[in-house]
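Residue numbers (my numbering), protein chains in the order written: chain U, 4 to 531; chain P, 398 to 614.
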């Protein structure tokens, strides 16, 4: 698989390089005659057409066909007389040059390149008068002659060449085919400079070079993609997820596939493990379509080029495999949502109990206290009768009893020590009132999150209530990619409570009894 | 005796102040913000600060931290913590860092004027004062084989009084026995629980409380 990637890039570059350099060589003094100069690109374009068809690449065919047509046209009009045909043969090549360069580039540089071709081609021709060109000994008798102005024609020619060159430089900074762009750039420079020293049929080079580049490029790309497709089907047959197979095939270790959830509108994409897709950033996104719309998206490195050909040419087996992956990703995503909502419920429940405890403390308890203080002040009045005093005293006793009840109630809702001081002090307080001895050992480290503390507290409270003998509690915090809090209760004679087990699982942890008969119960909870 | 009250609930603050005034205690300041209290303590105008445990902004244990600051920065001012919680863990850290002049009372103890004034007077005199409910919680031996099972009924009464911060003479008065008898009981208790009783009275309270809170013999 790596072999094919090596072959593809080397072959692509070498082919295009040969096709680009050849016309430049022919520009040298004493080179073949003009007819031969035009014949060579025509031949290469012809080869490109054939290879392009083999590779089923529309763009390659388009570019090469245009090159062939224009080259043939150029050859034809050299000895032809209609002035419109000659004018077209001068106007079209530079325009085509810009467009052909555009085929190599991303959207913005290709627009700039096309504009450059327009300036150096048709617009330049408005000002170009072959008779006033001292270099033009064997030019066409008449081209356009609308506004004869050699200086303006020269400016336009150079501007156009500069724009095409600029676009190519832009393409150099990002995007694929860097080596080819450098070659194309060199060719544009050589061609433009040739206008100063050679007969004015130089523009035909504009035709030759990009056509050759584009053709070579696309032929190479076609071959690579055919190989990739063959490799993909083969790799998928031997097993493995499409993402991993594509990473190897395309030599792109950061390649990522996310899958569409068909039940979500607007479209939601999830990763294979069901987590929400992190978006594409500056990566190239290729959508894979199935019978019922988009199945997945492939995110690739922009320098690897587009995968359109790959995505369109996927076999039914590969599509089926992708659909299966989509299905399991969607299932994982739903399971994740479910787990999230369970965790939220537990957290919400804990938070509400804390809020309730606080409300009781700040509300009812304070009002009862204030009532008690009022009664106290009233009792101090010397004007009270003995009966009134007894009645008020009774009220005060009942207010205190109510306060005691409320205190017990709020402690049961959420032990205040657990909220303020943490798990270890809360467990110590629990140990004092527990029916069996509860020994807390070891260094528990920094406090874990409150939901972890409450879950652990409830587990110990439950075991201390149901155990026959004394229990020993210890805990350890583990760092690592997923930090966790592990609490071990030794000596418990009973299995952990199921409802508490569900609470722990809902928080993403586990609660289990050791199988080795050590009468140990272990709670593991994530505490990120 | 100049007393300041730090309590965020308006009704309760007013109630405490009225109860104190009813008992002829001079209240020089009643505020909801720690900053105002601390300023007055630093100015030297306060003998006892009564501090609520739960205060804004987190409503957890700000009051304990205020108390700790007062005790560390201004040791001649006493602190009486008022709380709704029967939690010995709240008070033990503060006790261990203060040699005395610290108390912990449940808020409804304010309704009992005699106990309240007695507590204020005792913390002012440099003693430790622990709410009897805390001691009951600590001594509540629900386990038959608990650490206090070895003590006699009388010895447990004496131990509870020690834990509340009472001196030997106060214990003698309280239990209607002679000081000499108290000392004999104490010797037995400390021997049975293996507590070092050579420490001064406040250290003795701490040792007993720590022993009880640890929950083992």
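Yeah, the Cβ is synthetic: ideal placement off N, Cα and C, and Gly gets one too. Computed from a predicted structure; not experimentally measured.
| Tell me, which residues are paired with residue 272(U) by DSSP? | 263(U)
| query | How many angstroms separate the CA atom of residue 495(P) from the CA atom of residue 476(P)? | reply | 10 Å
| task | Spatial neighbours of residue 297(U) within its chain, please: CB distance less than 8 Å, with the 5 preceding and 5 following residues excluded, ordered by chain position. | result | 263, 270, 290, 291
| said: Relative to the C-alpha of residue 449(P), which candidate in 441(P), 525(P), 458(P) has its C-alpha closest? | reply: 458(P)
| message | Quick check on the DSSP output: what are the complete alpha helix (DSSP H) runs of length 4 or more inside the stretch 442-472 of chain U, in order along the chain? | response | 453-469
| query | Can you list, in chain order, the residues of its chain whose CB lies under 7 Å from that of residue 259(U), leaving out five sequence neighbours each side? | reply | 246, 302
| query | At least one CB of chain P closer than 8 Å to the CB of residue 178(U): is that the case? | reply | Low local confidence applies: a pLDDT of 49 at residue 178(U) is under 50, so the model's placement there is unreliable, and no value is given.
| request: Go through its chain and collect everything with a Cβ distance to residue 541(U)'s Cβ below 6 Å, but skip five positions before and after it. | output: In the structure as shown, chain U starts at 4 and stops at 531, and residue 541(U) therefore has no counterpart that could be examined.
| field | Residue(s) in a DSSP beta bridge with residue 606(P) | value | According to DSSP, which records beta bridges pairwise, residue 606(P) is partnered with nothing at all.
| request: Could you name the residues that DSSP lists as bridge partners for residue 501(P)? | output: 478(P), 527(P)
| request: For my contact list, residue 372(U) and residue 504(P) are in at a C-beta cut-off of 8 Å; report their separation, rounded to the angstrom. | output: 6 Å
| said: I'd like to know if residue 403(U) contacts chain P, where contact means its C-beta is closer than 8 Å to some C-beta of that chain. | reply: yes
| message | Against chain P, with Cβ distances strictly below 8 Å, would residue 356(U) count as a contact? | response | no
| query | Run through DSSP, which three-state label would residue 447(P) get? | reply | strand
| request: Count the other C-beta atoms from every protein chain shown that fall within 10 angstroms of the C-beta of residue 460(U), then say buried if there are 16 or more, exposed otherwise. | output: buried
| As assigned by DSSP and simplified to three states, the class of residue 357(U) | helix
| said: Taking beta-carbon pairs under 7 Å, can you tell me which members of the stretch 403-420 of chain P lie near chain U? | reply: 406, 408, 409, 412, 413, 415, 416, 419
| message | Can you confirm whether the stretch 499-517 of chain P touches the stretch 465-483 of chain P when touching is taken to mean that 3 or more C-beta pairs between the two stretches lie within less than 8 Å? | response | yes
| message | Can you find the residues in the same chain that come closer than 8 Å, C-beta to C-beta, to residue 516(P), ignoring five residues on each side of it along the sequence? | response | 477, 500, 502, 506, 526
| Chain-ordered neighbours of residue 254(U) on chain P, where CB pairs are closer than 7 Å | Going along chain P, no residue has its Cβ under 7 Å from residue 254(U), so there is no contact; the nearest lies around 55 Å.
| message | If distances are taken between C-alpha atoms only, which option among 295(U), 293(U), 294(U), 299(U) comes closest to residue 280(U)? | response | 299(U)
| DSSP state of residue 556(P), grouped into three classes? | helix
| field | Inter-residue Cα distance where the pair is residue 428(P) and residue 454(U) | value | 34 Å
| request: Identify the contact partners of residue 458(P) in chain U, using a Cβ-Cβ distance below 8 Å as the criterion. | output: 423, 424
| query | residue 470(P) by DSSP, collapsed to three states: which one? | reply | helix
| task | With 8 Å as the limit, tell me which residues of the stretch 374-391 of chain U have their beta carbon closer than that to any beta carbon of chain P; keep them in chain order. | result | 375, 376, 377, 378, 379, 380, 383
| query | What is the rounded straight-line gap between the Cα of residue 417(P) and the Cα of residue 491(P)? | reply | 25 Å
| message | I want to verify the contact list: residues of chain C whose CB lies under 8 Å from the CB of residue 468(P), in sequence order. | response | In summary, chain C is missing from the structure at hand, where the protein chains are U and P.
| task | Compare the beta carbon distance of residue 508(P) and residue 379(U) with 8 Å and say whether it is the shorter of the two. | result | yes
| query | Taking 8 Å as the CB-CB cut-off, is residue 429(P) touching chain U? | reply | no
| message | Please tell me whether residue 555(P) and residue 583(P) are closer than 8 Å, where the distance is taken between their beta carbons. | response | yes
| query | Alpha carbon to alpha carbon, what distance is there between residue 561(P) and residue 599(P)? | reply | 10 Å
| query | If you drop the 5 nearest sequence neighbours on each side, which residues of the same chain put their C-beta closer than 8 Å to that of residue 6(U)? | reply | Caution is warranted here: a pLDDT of 35 is assigned to residue 6(U), below 50, making its placement in the model unreliable, and the coordinate value is therefore given only provisionally. Correct list: empty, nothing qualifies.
| task | Identify, in the order they occur along the chain, each residue of the same chain with its Cβ nearer than 8 Å to the Cβ of residue 578(P), setting aside the five sequence neighbours on each side. | result | 569
| query | So, do the stretch 468-476 of chain U and the stretch 503-512 of chain U have three or more beta carbon pairs nearer to each other than 8 Å? | reply | no
| Excluding five sequence neighbours on each side, which residues of the same chain lie with their C-beta closer than 6 Å to the C-beta of residue 322(U)? | 293
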